[in-house]
Amino acid sequence: MKMTRFVAALVSCVLCVVAIAQPSFIVSSPASKAQGGHVWTVSRGTTPISILHLPPELSGAKRVTEAGVPVMRVAWAGLRYEPNRAAALDDYLYMFFETPEGKAVANFPPAPAQPTRVVSFRAEWMGDRWLTTPMGRPASEPNLPAGRPVMSAAGSAGTLYALLAPGGLSGEKVHVVSLMAMDVSAWREVATPAGVTLSEKAAIFAVDGGVGIIDRGGDLTRAWIGSVEKRAANADFVGPPAPARAGAWQGAANEFAAQWRELALPDEWASSVSLQVAGGSGQLVIARAQGEGLQVRSAFVPVADAKPVWRELGSVNNLGGDPELFVDGARGWAMVISTRTLTDVERKYQEPPYLVSALSLATGSMVVQGPVSVMKPFEVSDLTFLAISLGWMLGLVALVVIRPPMNYGAGGSWMLPMGVSLAEPMRRFLAWSIDLILVVMAGGLLVGKAPMQTLTASLGDIIGTSQGQGMLLAIIGTGVIGCSVFEAALGRTPGKFLANCQVVRLVRGANNVEELRNPSLAQALVRNLIKWIFPPVAFVIFRDGAQHRGEQYSKTAVIVPWIEELDEEEDE
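Take the position in the sequence shown, starting the count at 1, then add 826; the result is the number in my numbering.
Structure, rendered in structure tokens:
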């Protein structure tokens, strides 16, 4: 599974181009205290098109902030077509792809405009990582009518809304801005505020339980909040309404009912053409341009026709271009994301061209400000794990295939003196198990881990994280060095002492008599390097039933004395 994740991430990394030539779509789903919001960015003017995702902070998930700055993940890389609009709803990203009427070529008539296609991606937490899946089911994501560009889109309270510009096919022109809501399998029209003609500069934003509209097209900016109620579908409704002909939309009206009330904006703010409104977690946040930054205010959503009490939240300075305002109730932030110009070095390493600033909704203090970084598709720990795994497998194969020459002892084999024999495998396994427990505890202490914490660590925690890989190297190093010193000095480790066995080498002493002595430090290092780095070799690849590859290469053996048993038999 680890290898599959790495290969998939590597392909995504090759395809991913984060630098943008035009402002990206930056959209967010409203967050509540129960569910965190999702922020998405869709690059524009690049090939291929990349989608970045800032997920909510979940219990058990990897941290999405490093040094206080949010870290976005590459959700998708390789979109071939650029969307015209985007919106977020819960854990879904919706993109709108428009195909306008083509131009006439020679004697060929222009190609008719096609319905606006809606495509979605879903971000799902899999327990150890986020997975982004393209949905794209036409039954649940119907198209929008042709010839009516999507001016704005937003998601709120389980419903996706789209604000359509006037237009349509020849003979069926719609001359007013329309608000549409996506039902289970069809788009339904929602009545806009009565007596109000929205301009083509109108936009919608998400609020709890409905949708808001802000119109900057007049002398003064006006905003409305709509509480939307979904009415029962028609009894004869069995699926999406069939168009009379290609591109003509016929939808049943009054599936959604909205009660609108105008939002009272501060007098001095209503004249601002850059005013933005965002909602979430029961609050509204407004922002307007102030020099090179934004001035931000917040208020709780008014009940009925009550006027909101706006309070100064703070100012956000040193912004980039095209700032977008969001409310993240899970973190308690009013967040502003803007685009920035990348340096050559940042562009080389494919850093995202975004700045993020966040004000606390409670105190108004600046909690986050800085460039957004990207959670790489694969991490350094993944590369380290891959390199270690490949090296380990190559070494294992080499040790299994290559047999050392038998050039020690009389006739190329061990000629042990009386009173000793080669230790049996079960005794050696017992000795190694005791040494393993001691080595694991000592190696964990070297990296600051408590003994019980080290002994109970799972395999995924050890090889799946950089901290775990460091602990593994500390354990292996402790085993190699510690056991080598014990064997060279005393001939036995604590485990071998308790199991009553000893590591020896065979040398030719005085009078040409072969003697058993403690191994040299070099022999002990060779033996333990193979034993601790390649444990399968130490337990499976035995020769003559008692020597593994490490002992064959180091010309050592593990013996057990049996002189006491022999003495007891002679006494009888």
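Think of the CB as a built atom: it goes at the ideal place given N, C-alpha and C, for glycine as much as any other residue.
Quantities reported herein were computed from a predicted structural model and do not represent experimental measurements.
Determine the direct distance from the alpha carbon of residue j to that of residue i, and round the result to whole angstroms.
i	j	result
residue 951	residue 1097	43 angstroms
residue 889	residue 1153	Because the pLDDT of residue 889 is 49, which lies under 50, any placement of that residue in the model is unreliable, and the number read from its coordinates should be weighed accordingly. Roughly 20 angstroms between the two C-alpha positions.
residue 1262	residue 1305	8 angstroms
residue 1068	residue 1120	Model confidence at residue 1068 stands at a pLDDT of 37, short of 50, so the residue's coordinates are unreliable; what they give is reported in the following sentence. Taking the straight line from one Cα to the other gives about 46 angstroms.
residue 1087	residue 1209	56 angstroms
residue 1267	residue 1301	8 angstroms
residue 972	residue 1218	59 angstroms
residue 978	residue 863	19 angstroms
residue 861	residue 1034	With a pLDDT of only 47 at residue 861, under the threshold of 50, the placement of this residue in the model should not be trusted; the figure read from the coordinates follows. When rounded, the distance between both Cα atoms is 13 angstroms.
residue 945	residue 1134	36 angstroms
residue 1384	residue 1373	8 angstroms
residue 1172	residue 1195	18 angstroms
residue 1158	residue 1197	20 angstroms
residue 1146	residue 1168	11 angstroms
residue 1182	residue 1140	15 angstroms
residue 1054	residue 1040	16 angstroms
residue 1269	residue 1297	7 angstroms
residue 1001	residue 993	6 angstroms
residue 1005	residue 1279	57 angstroms
residue 1022	residue 1032	20 angstroms
residue 1024	residue 1044	9 angstroms
residue 1047	residue 943	31 angstroms
residue 909	residue 1192	33 angstroms
Counting C-beta neighbours from all protein chains within 10 Å, is the total for residue i 16 or more, i.e. buried, or is it exposed?
i	result
residue 1347	exposed
residue 1083	exposed
residue 957	exposed
residue 930	Low local confidence applies: a pLDDT of 49 at residue 930 is under 50, so the model's placement there is unreliable, with the coordinate-based value given in what follows. By the 10 Å Cβ count, residue 930 comes out exposed.
residue 959	exposed
residue 1150	buried
residue 1343	exposed
residue 1243	exposed
residue 920	buried
residue 1038	buried
residue 987	buried
residue 1282	exposed
When DSSP builds the beta bridges, which residues end up paired with residue i?
i	result
residue 1085	1053
residue 1209	Paired residue(s): none; residue 1209 is not in a bridge.
residue 1328	1385
residue 1141	1121
residue 974	According to DSSP, which records beta bridges pairwise, residue 974 is partnered with nothing at all.
residue 1102	1113
residue 985	982
residue 920	913 and 946
Can you give me the Cβ contacts of residue i inside the same chain, cut-off strictly under 6 angstroms, excluding the 5 residues immediately before and after it?
i	result
residue 877	868, 901 and 902
residue 1026	991
residue 1272	1300
Report all residues from its chain with a CB closer than 8 angstroms to the CB of residue i; omit the five preceding and five following residues, and keep chain order.
i	result
residue 1312	1318, 1319 and 1320
residue 1353	1310, 1313, 1329, 1345, 1376, 1377, 1379, 1380 and 1382
residue 1388	1245, 1246 and 1247
Check whether the Cβ atoms of residue i and residue j lie closer than 8 angstroms to each other.
i	j	result
residue 1160	residue 1188	no
residue 1030	residue 980	yes
residue 1155	residue 1190	no
residue 911	residue 879	no
residue 875	residue 1163	no
residue 1118	residue 1144	yes
residue 1017	residue 985	no
Leaving out five residues on either side along the sequence, give the residues of the same chain with a beta carbon under 7 angstroms from the beta carbon of residue i.
i	result
residue 1358	1302, 1305 and 1306
residue 1137	1123, 1124 and 1125
residue 982	856, 1032, 1033, 1036 and 1037
residue 859	A caution first: residue 859 carries a pLDDT of 40, below 50, which makes its placement in the model too unreliable to give a value.
residue 1104	1031, 1111, 1151, 1152 and 1153
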